[in-house]
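Chemist:
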Amino acid sequence: MESLFQNAVALQLAGRLDEAEALYRQITDYRPDQVQANLGVIYRTTGRLEEAEAALRAAHRLDPQDGHIRHSLGMTLLQRGQYAEGWGHYAARFEVLPRRDPPPGMAEWRGENLAGKRLLVIAEQGLGDQILLSRFVGMTGADEVALAVARPLVRLLSGLGAEVSNPQVWDGVTADAWTYLGQIPRWLELGPADAPAPYLACQPGPVSGVGLMLEGAPRNRNNALRLPSPLAARAIRGLAEFVDLSPEASGAQDFADTARIVSGLKQVVTVDTSVAHLAGAMGKPTWVMMPARAIDWWANWHDDRTPWYPSVRLIRQRQPGDWTSVVAQLARMLEAG
Numbered sequence: 083m084e085s086l087f088q089n090a091v092a093l094q095l096a097g098r099l100d101e102a103e104a105l106y107r108q109i110t111d112y113r114p115d116q117v118q119a120n121l122g123v124i125y126r127t128t129g130r131l132e133e134a135e136a137a138l139r140a141a142h143r144l145d146p147q148d149g150h151i152r153h154s155l156g157m158t159l160l161q162r163g164q165y166a167e168g169w170g171h172y173a174a175r176f177e178v179l180p181r182r183d184p185p186p187g188m189a190e191w192r193g194e195n196l197a198g199k200r201l202l203v204i205a206e207q208g209l210g211d212q213i214l215l216s217r218f219v220g221m222t223g224a225d226e227v228a229l230a231v232a233r234p235l236v237r238l239l240s241g242l243g244a245e246v247s248n249p250q251v252w253d254g255v256t257a258d259a260w261t262y263l264g265q266i267p268r269w270l271e272l273g274p275a276d277a278p279a280p281y282l283a284c285q286p287g288p289v290s291g292v293g294l295m296l297e298g299a300p301r302n303r304n305n306a307l308r309l310p311s312p313l314a315a316r317a318i319r320g321l322a323e324f325v326d327l328s329p330e331a332s333g334a335q336d337f338a339d340t341a342r343i344v345s346g347l348k349q350v351v352t353v354d355t356s357v358a359h360l361a362g363a364m365g366k367p368t369w370v371m372m373p374a375r376a377i378d379w380w381a382n383w384h385d386d387r388t389p390w391y392p393s394v395r396l397i398r399q400r401q402p403g404d405w406t407s408v409v410a411q412l413a414r415m416l417e418a419g
């Protein structure tokens, strides 16, 4: 049994999910919490969200304290639009992902009334996550909000009505309470309909051209899945006369600079990276090339839309690594205008 389990884990880590699933199904009574948890991850990443929820709930019943199980269950529920419960389980991300410690001695906000108070909001996770979740900053009811974000986002998010900065230490940062950015929708039970896009300014004026972003953060562990091969990238670039949105090509120093460029474009074509969130948050027509396997919980599986960004359409691979179908669909969409 143990050898079958270890083989299944190895196959799952290698991305051979069909084979891993078949082995797990043979040993459902062995380490049932871990088997159901791993099956739940396979189901979620292959778009079988109802099965994923059932398997992860079973795993959670067997081991309610396991942070990885609760994190996976939270992402599944958020992807299914079950926000109130989903945010609660998704809070287990703090047990499995790096986070910044809050100022020592400051009270943590848990949804109580903030009238007359100043709230420190600490951004978390990657740049795309920070852009997506920033829509909730103005909904806390605090008289003042200090928002601590990654340096490239300071100017971009300064238009949200908060005092935005990138403090390296907490010395001199004052507030009555603090919270992590992604906890705001948890405590207030919010979803995308409560803070719809667009919520970042798009400068008025004539628009033309199509922006293209094929790069992602170098340290992102999902780059092998979400970024095209050099051959596929060349094929994509050959489909049109794109405006390259990579900082190396555009000269952008931060996301405010990139947002200025995006404002002047007719639309954006991008991989699943922070530029997708930027363009979607600005309400810019955006086509996002997605891997076959679900990485992020904000994207739908049942259609090519996402409730988080109404202006975004998803172009998903048919099979893992199948950039040929993505290039073909993108070509048809560009031709149709």
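Quick note: the numbering used here has the sequence shown finishing at residue 419, numbered continuously throughout.
Just so it is clear, CB atoms sit at the ideal spot from N, CA and C, and this is done for glycine as well.
Using a Cβ-Cβ cut-off of 6 Å (strictly less than) and excluding sequence neighbours within five positions of R398, which residues of its own chain qualify?
Modeler: Contacts found: M372.
Chemist: Using alpha carbons as the reference points, say which of G129, V117, E84 lies closest to Q401.
Modeler: Ranking the options by Cα distance to Q401, first place goes to G129.
Chemist: Spell out a yes or no on whether the stretch 134-145 and the stretch 104-124 are touching, meaning 3 or more CB-CB pairs, one atom from each, closer than 8 Å.
Modeler: A contact exists between the stretch 134-145 and the stretch 104-124.
Chemist: Beta carbon of R233, beta carbon of D336: below 9 Å?
Modeler: Contact flag set, yes.
Chemist: Should the stretch 254-271 be regarded as contacting the stretch 369-383, the criterion being three or more beta carbon pairs within less than 8 Å?
Modeler: At 8 Å Cβ cutoff, the stretches do not touch.
Chemist: Buried or exposed for T110, please, with buried defined as at least 16 other CB atoms from any protein chain shown within 10 angstroms of its CB.
Modeler: The residue is exposed, with fewer than 16 neighbouring Cβ atoms inside 10 Å.
Chemist: Is the stretch 325-334 in contact with the stretch 300-313, if contact means three or more CB pairs nearer than 8 Å?
Modeler: No: the two stretches stay apart, fewer than three of their Cβ pairs being nearer than 8 Å.
Chemist: How close, in whole Å, do the beta carbons of E206 and R181 come, if the pair is a contact with beta carbons under 8 Å?
Modeler: Rounded, the Cβ-Cβ distance is 6 Å, consistent with contact.
Chemist: Quick check: G243 and L282, are their CB atoms within less than 9 Å of each other?
Modeler: In this structure, L282 does not lie closer than 9 Å to G243 by Cβ.
Chemist: Would a C-beta distance cut-off of 9 Å place V227 and R192 closer than the cut-off?
Modeler: Contact flag unset, no.
Chemist: When the Cα of L235 is compared with those of V370, W405, L214, Y172, which residue comes out closest?
Modeler: Answer by Cα proximity: L214.
Chemist: Name the two residues that bound the continuous beta strand (DSSP E) containing L242.
Modeler: No beta strand (DSSP E) holds L242; DSSP gives it neither H nor E.
Chemist: How many angstroms separate the CA atom of L86 from the CA atom of R107?
Modeler: Cα to Cα, L86 sits roughly 10 Å from R107.
Chemist: Going by the beta-carbon positions, is the gap between G156 and A173 smaller than 9 Å?
Modeler: In contact: G156 and A173 (Cβ atoms closer than 9 Å).
Chemist: Which same chain residues, not among the five before or five after S407, have their C-beta less than 7 Å away from its C-beta?
Modeler: Q399, R400.
Chemist: To the nearest angstrom, report how far apart L179 and L239 are at their CA atoms.
Modeler: C-alpha separation (whole angstroms): 24 Å.
Chemist: Output needed for A314: all residues of its chain with C-beta closer than 7 Å, excluding positions within five of it in sequence on either side, in chain order.
Modeler: Cβ within range, chain order: W405, V409.
Chemist: What's the gap between the Cα of V353 and the Cα of L296?
Modeler: Those two C-alpha atoms are separated by around 6 Å.
Chemist: CA-CA distance, T368 and P278?
Modeler: Whole-angstrom Cα-Cα distance: 16 Å.
Chemist: DSSP on D404, reduced to helix/strand/coil?
Modeler: Coil, per DSSP.
Chemist: Our contact map puts V394 next to K348 with C-beta atoms below 8 Å; I'd like the distance itself, whole angstroms only.
Modeler: That belief does not hold up - the Cβ atoms of V394 and K348 are roughly 15 Å apart, past 8 Å.
Chemist: Does the distance from the CB of A341 to the CB of L360 come in under 9 Å?
Modeler: It is a contact, given that the beta carbons lie within the stated cut-off.
Chemist: What would DSSP say about E323, mapped onto helix, strand or coil?
Modeler: Coil at E323, not helix or strand.
Chemist: For R152 versus E177, is the C-beta distance shorter than 9 Å?
Modeler: Yes, these two residues count as a Cβ contact at 9 Å.
Chemist: Does the beta-carbon distance from G254 to G346 come in below 9 Å?
Modeler: No.
Chemist: Using a Cβ-Cβ cutoff of less than 8 Å, which residues in the same chain neighbour L412 once the five nearest sequence positions on both sides are dropped?
Modeler: Within the same chain, L412 has close Cβ partners I318, L321, V351, W369, M371, I397.
Chemist: Looking at T127: is its Cβ nearer than 9 Å to the Cβ of L95?
Modeler: No; because the gap between Cβ atoms is not below 9 Å, this pair is not in contact.
Chemist: Just reading off the beta strand (DSSP E) that G293 is part of, what are its end residues?
Modeler: Segment 292-295, the beta strand (DSSP E) holding G293.
Chemist: By Cβ distance below 7 Å, which residues in the same chain neighbour V289 in space, the five residues on each side in sequence not counted?
Modeler: Taken in chain order, the residues that qualify are G346, L347, K348.
Chemist: Hey, which unbroken runs of the alpha helix (DSSP H) at 4 residues or more fall wholly within the stretch 302-389?
Modeler: List check, alpha helix (DSSP H) in window: 305-308, 312-319, 329-332, 337-345, 356-363.
Chemist: Taking the alpha carbon of E245 as the point to measure from, which residue in D258, V231, V251, W252 has its own alpha carbon closest?
Modeler: That would be V231, whose Cα lies nearest to the Cα of E245.
Chemist: Can the beta-carbon of L144 be found less than 9 Å from the beta-carbon of P184?
Modeler: No, Cβ-Cβ distance for L144 and P184 is not below 9 Å.
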